[in-house]
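The numbering used here puts the sequence shown at residues -7 to 383.
C-beta atoms are modelled at their ideal positions from N, C-alpha and C, and glycine is treated no differently.
All of these numbers come straight from a predicted model, not from anything done at the bench.
Structure, as structure tokens:
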Amino acid sequence: MASPPTPKILLLGATGYIGGTVLHYLTQSAALARCLPISVLVRGADRADKLKSAYGDQISTVPLTTLDDLGLITRLASEHDIVVNAGTGFHPASAEALVHGLAKRKAATAGGNSGSGEGGSEVPQWIIHTSGCSNIADNPLAGDRHPEGFWLDDGDPLRTYELERDKEARGPYLQRTAELAVLEAGERLGVGATSLQSPAVFGPGRGLFSAAESVVPTMLRFVLDQGYGCRLGDGTAQMGFVHVDDLAALYVRVVEEVVGGGGRAVPSGRGGIVFASVGMVKLVDIARDCVGAVARKGIIQINETKEVIKEVDLDTVAPYFGGGDLGRHIAAVGWAGHWNTVGKVGEEKLGWKPAHRKEAWHDHGHFDRELNAVLEGKRPLSLDKITGQKK
């Protein structure tokens, strides 16, 4: 009996913090061994060479100059069954183009998942999109505050979708625009579409190029400059967190479920938002932990009489996010907003088993490691690298 056609996977973001870690774990998955080589979209021959040197015949590099080349992106997606968009979540046009490409793939494989089309496979066409919980955050500094006791649970994904639709109607935000475009296009075109909403991601990445988290280093830079931690707003701001290894494992579990289970357990379309959070932390606690790390290094002195957390305004904080309107918005919803999410789907429906919880986030080693990296110049903030937008 002939073996089924090999599912083809396309990965974006392999040179980034999340995407590089996702690639590492995709190539280690025994369940996905038959999907190798993974096509990896990459800018620059030098980066492609480094990836090939590390991964050999487990990957096939595909050159890309710009995400604005929508024709190329659509064509590349049309040659694959699964797209893992682990790069920027702030480029709506390219994200939607990937879905249109997968729809072409579906049409070309004649009748869905039978594999009867040339190069087709038995798995459904699917996109796993990267987004963030700032999509659902309130913005108290702008007069937009969640009601008391407000939480979102990914077990009720349509409620999250409706909230995002309402927020988007009142004021577009590129990351949310992209997420909605992917989910709605997937539902409309019959392509599986799942968005993994990341909270604050921490821990050393496994990629070859970027191993840097961003939330803690940003606060550390502030503490090093000012000599104290900051509070933006009333001090109730909070966000979720997840270790980058665990986040990458969730991407892999989704791909494995699509390949091995036809995606039946994977939420999709308007109901396809999954929260990757494993716990919550207040921003004032992040600030205190950063002050503690800087004090342990002997750079500042703290005592019972010294105020280690001070209230600041948005103008003071925004430059640490790269400035511009987008940077100011991310600063406002990131350091003054409430990312009140409860993630259940990953663990309860997809078999995700995150290994790093609250203790790992608050561990002194986490903050000391990031402080050393900041002092060594290894954590420069580049908003355009994170968002794909130079604004």
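Following the continuous beta strand (DSSP E) through residue i, name the residue where it begins and the one where it ends.
i           : result
residue 186 : 184 to 190
residue 304 : 301 to 304
residue 329 : It is not in any beta strand (DSSP E) - residue 329 carries neither H nor E in the DSSP assignment.
residue 273 : 271 to 274
residue 124 : 118 to 124
Measure the alpha-carbon distance for residue i versus residue j and round it to whole angstroms.
i           : j           : result
residue 174 : residue 38  : 31 Å
residue 339 : residue 147 : 11 Å
residue 4   : residue 336 : 26 Å
residue 267 : residue 363 : 28 Å
residue 288 : residue 316 : 34 Å
residue 269 : residue 239 : 9 Å
residue 292 : residue 313 : 23 Å
residue 12  : residue 6   : 4 Å
residue 278 : residue 361 : 14 Å
residue 256 : residue 343 : 13 Å
residue 271 : residue 144 : 13 Å
residue 59  : residue 274 : 35 Å
residue 65  : residue 80  : 14 Å
residue 26  : residue 252 : 11 Å
residue 311 : residue 10  : 24 Å
residue 97  : residue 41  : 28 Å
residue 108 : residue 181 : With a pLDDT of 34 at residue 108, under the threshold of 50, the predicted position of this residue should be treated as unreliable, though the coordinate-derived value follows. Near 20 Å, if we compare the C-alpha coordinates of residue 181 and residue 108.
residue 359 : residue 51  : 34 Å
residue 211 : residue 281 : 10 Å
residue 192 : residue 176 : 26 Å
residue 357 : residue 75  : 35 Å
residue 222 : residue 101 : 55 Å
residue 373 : residue 194 : 15 Å
residue 276 : residue 370 : 24 Å
residue 260 : residue 48  : 33 Å
residue 127 : residue 258 : 21 Å
residue 209 : residue 197 : 14 Å
residue 263 : residue 290 : 49 Å
residue 23  : residue 250 : 11 Å
residue 16  : residue 241 : 10 Å
residue 341 : residue 125 : 20 Å
residue 226 : residue 284 : 22 Å
residue 0   : residue 140 : 46 Å
residue 110 : residue 43  : Residue placement at residue 110 cannot be trusted, given a pLDDT of 40 that sits under 50; what the coordinates show is reported in the next sentence. So the alpha carbons of these two residues sit roughly 29 Å apart.
residue 319 : residue 168 : 15 Å
residue 105 : residue 355 : Since pLDDT at residue 105 reaches only 49, below the 50 mark, its modelled position is unreliable, and the value read off the structure follows with that caveat. Straight-line Cα distance between these residues: approximately 47 Å.
residue 254 : residue 99  : 17 Å
Roughly how far, in whole angstroms, is the beta-carbon of residue i from the beta-carbon of residue j, given that I think they are within contact range, below 8 Å?
i           : j           : result
residue 31  : residue 2   : 5 Å
residue 84  : residue 166 : 7 Å
residue 329 : residue 229 : 6 Å
residue 62  : residue 89  : 4 Å
residue 464 : residue 78  : There is simply no residue 464 to check, as the chain begins at -7 and stops at 383 in what is shown.
residue 34  : residue 57  : Contact flag wrong, Cβ pair sits at about 11 Å.
residue 138 : residue 186 : 25 Å between Cβ atoms; not a contact.
residue 171 : residue 206 : The pair is not a contact, with the Cβ atoms about 19 Å apart (cut-off 8 Å).
residue 286 : residue 224 : That pair is no contact at about 19 Å.
residue 189 : residue 265 : 6 Å
residue 366 : residue 213 : 6 Å
residue 332 : residue 142 : 6 Å
Let's see if you can read the secondary structure: which residues bound the alpha helix (DSSP H) around residue i?
i           : result
residue 253 : 236 to 253
residue 266 : Counting along the chain, residue 266 falls outside any alpha helix (DSSP H), though it belongs to the beta strand (DSSP E) covering 265 to 267.
residue 344 : Run containing residue 344: none; DSSP gives neither H nor E here.
residue 366 : 356 to 367
Indicate, with yes or no, if the ligand SAH has a heavy atom lying under 8 Å from the CB of residue i.
i           : result
residue 189 : For the ligand SAH, the structure offers nothing, since it holds no ligand at all.
Please list the segments of the alpha helix (DSSP H) lying wholly inside the stretch 5 to 84, counting only runs of 4 or more residues, in order along the chain. 9 to 18, 37 to 47, 62 to 70
- request: Assess, as a yes-or-no matter, whether the stretch 196 to 213 is touched by the stretch 116 to 133 under the definition of 3 or more beta carbon pairs within less than 8 Å.
  value: no
Just checking, does the stretch 149 to 159 make contact with the stretch 229 to 248 on the three C-beta pairs under 8 Å criterion?
-> no
### Whole runs of the alpha helix (DSSP H) within the stretch 159 to 229, excluding any shorter than 4 residues
166 to 181, 207 to 218
Quick test of the definition: if touching needs 3 or more C-beta pairs under 8 Å, does the stretch 210 to 218 touch the stretch 295 to 312?
yes
| message | Assess contact between the stretch 242 to 252 and the stretch 290 to 299, defined as three or more Cβ pairs (one per stretch) separated by less than 8 Å. Is contact present? | response | no
Tell me whether the stretch 347 to 358 and the stretch 152 to 165 touch, counting them as touching only if at least three CB pairs, one residue from each stretch, are closer than 8 Å.
no
Count the C-beta pairs between the stretch 127 to 144 and the stretch 317 to 325 that are closer than 8 Å, then say yes if the count reaches three, no if not.
yes
Open item on the list: Does the stretch 87 to 101 come into contact with the stretch 56 to 71, if we say contact requires no fewer than three beta-carbon pairs (one atom in each stretch) closer than 8 Å?
Closed with: yes
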